[in-house]
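Engineer: Structure provided below as structure tokens; questions to follow.
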Amino acid sequence: MEVIILAGGLGTRLRSVVSEVPKCMAPIAGKPFLWYLLKYLMRYDVTKVILSVGYLREAIYKWIDEVKNDFPFDFEYAIEEEPLGTGGAIKLALDKTAGDNVLVLNGDTFFDVDIDVLYHSHIIGKKAITIALKPMKKFERYGTVSVDGNDGTVVSFNEKQFCEEGLINGGIYLISHKTSIFEKLPRKFSFETSVLEPQCLQQNLLGIVQDGYFIDIGIPDDYAKANEEFKTLFK
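Taking the UniProt record's numbering, the leading residue of the sequence shown gets 1, the next gets one more, and so forth.
Put into structure tokens, the structure is as follows:
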């Protein structure tokens, strides 16, 4: 299994507390956030991790060189010389992969998804992309995702507003690499608007609900929350 970790974001919302390293290297309970993502991937049969890097990437290179022998997979980099958007970053990183199905994670989000279940569902579902969905209550920071109750096909992405409960996009994807969905897209584009929304209209997205631990460290409040919760989650 090949995994892309999107680690090239500018982290503008987090700069009040973390400014000298990229978001994935933000210290959480004494270790870079990226360490927790890599430890999580060790539970599964991952053979290769492609780090999509850009902003302050030298910090990532240095740290990976120090710890790479602690992990059982190969590392490679997809380098954004300029910001390419989420879609452009994924497209660039996919060029470094060889398999039919590639897992994509956000470098600032931890979502404890059962990757084996996600992978199996993706193969059976035969959609271009499978999305891990997280059920949440009383939130307004995220848009919601609606799915067909019969087969899990994603039917719509809904704007951010206060919700008593709903499903959100958890930022973990399985992408069928051999599809043509990226071929005609430019170097810079949004994965959400240029890929997910059109594929949704074509009923080519599968949503799999997972209710594992979820946190996005992209804002100071949740960064502080992760610093406390990871002390017990990762003893």
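Don't be surprised by glycine CBs; every beta carbon is placed ideally from N, CA and C. Predicted model only: the values in this text are computed from it and were never measured.
Once the 5 residues before and after Gly166 are set aside, which same chain residues still bring their CB inside 7 Å of it?
Structural biologist: Reading the sequence shown from its first residue, position 166 is the one you call residue 166. Counting only Cβ-Cβ distances below 7 Å, and skipping sequence neighbours, we find Met136, Thr144.
Engineer: On a Cα-Cα basis, can you pick out the residue from Phe182, Ala128, Lys178 that is closest to Ser194?
Structural biologist: As a working mapping, residue 194 is identified with position 194 in the sequence shown. The option with the nearest alpha carbon to Ser194 is Phe182.
Engineer: Can the beta-carbon of Arg141 be found closer than 9 Å to that of Lys160?
Structural biologist: As a first step, residue 141 is located in the sequence shown; it is residue number 141 there, counting from the start. As a first step, residue 160 is located in the sequence shown; it is residue number 160 there, counting from the start. It is a contact, given that the beta carbons lie within the stated cut-off.
Engineer: Once you ignore the five residues that flank residue 239 on each side, which residues in its own chain have a CB closer than 7 Å to its CB?
Structural biologist: Because the chain here runs from 1 to 235, residue 239 falls outside it and cannot be looked at.
Engineer: Please report the distance separating the alpha-carbon of Gly107 from that of Ile124.
Structural biologist: On the sequence shown, residue 107 is found 107 positions in, with the first residue counted as 1. On the sequence shown, residue 124 is found 124 positions in, with the first residue counted as 1. Distance between the alpha carbons of Gly107 and Ile124 is about 27 Å.
Engineer: Taking all protein chains shown into account, do 16 or more other C-beta atoms lie within 10 angstroms of the C-beta of Thr97, making it buried, or fewer, making it exposed?
Structural biologist: Within the sequence shown, numbered from 1, the residue matching residue 97 stands at position 97. With 16 or more other Cβ atoms within 10 Å, it is buried.
Engineer: Please report the distance separating the alpha-carbon of Lys62 from that of Ile28.
Structural biologist: Here residue 62 refers to the residue found at position 62 when the sequence shown is read from its first residue. Here residue 28 refers to the residue found at position 28 when the sequence shown is read from its first residue. So the two alpha carbons sit approximately 18 Å from each other.
Engineer: In the DSSP assignment, find the beta strand (DSSP E) that holds Val147 and state where it starts and stops.
Structural biologist: Working through the sequence shown from its first residue, we reach residue 147 at position 147. 144-147 is the span of the beta strand (DSSP E), which, as asked, contains Val147.
Engineer: Nearest to Ala78 by alpha carbon, out of Phe71, Pro72, Lys91?
Structural biologist: As a working mapping, residue 78 is identified with position 78 in the sequence shown. Here the closest residue by C-alpha is Lys91.
Engineer: So, are the CB atoms of Leu118 and Gln203 less than 9 Å apart?
Structural biologist: On the sequence shown, position 118 is the one that residue 118 refers to. On the sequence shown, position 203 is the one that residue 203 refers to. No.
Engineer: Put Lys138 into one of helix, strand or coil per three-state DSSP.
Structural biologist: Position 138 of the sequence shown holds residue 138. Of the three classes helix, strand and coil, the one that applies to Lys138 here is strand, per DSSP.
Engineer: What first and last residue would you give for the alpha helix (DSSP H) that runs through Gly87?
Structural biologist: Residue 87 sits at position 87 when you count from the first residue of the sequence shown. Element bounds for Gly87: 85-94.
Engineer: Using a Cβ-Cβ cut-off of 8 Å (strictly less than) and excluding sequence neighbours within five positions of Lys225, which residues of its own chain qualify?
Structural biologist: For this step, residue 225 is matched to residue 225 along the sequence shown. So the qualifying residues of the chain are Ile215.
Engineer: Compute the Euclidean distance between the alpha carbons of His122 and Phe33, then round it to the nearest angstrom.
Structural biologist: For the purposes of this step, residue 122 is taken as the residue at position 122 of the sequence shown. For the purposes of this step, residue 33 is taken as the residue at position 33 of the sequence shown. When rounded, the distance between both Cα atoms is 27 Å.
Engineer: Let me know if Asp52 comes out buried or exposed under the rule of 16 or more other beta-carbons within 10 Å of its beta-carbon.
Structural biologist: Within the sequence shown, residue 52 is the residue found at index 52, counting from 1. Reading off the sequence shown, one finds Ser at residue 52, where the question assumed Asp. Buried, by the Cβ-count rule.
Engineer: Beta strand (DSSP E) containing Lys48: first to last residue?
Structural biologist: Within the sequence shown, the letter at position 48 stands for residue 48. Start and end: 48-53.
Engineer: What residues are listed by DSSP as bridge partners for Thr130?
Structural biologist: Counting from 1 along the sequence shown, the entry for residue 130 is found at position 130. Answer is Leu174, Leu206, bridged to Thr130.
Engineer: Below 9 Å between beta carbons: does that hold for Val113 and Ile172?
Structural biologist: Taking the sequence shown and counting its residues from 1, one reaches residue 113 at position 113. Taking the sequence shown and counting its residues from 1, one reaches residue 172 at position 172. Cβ distance < 9 Å, so Val113 and Ile172 count as in contact.
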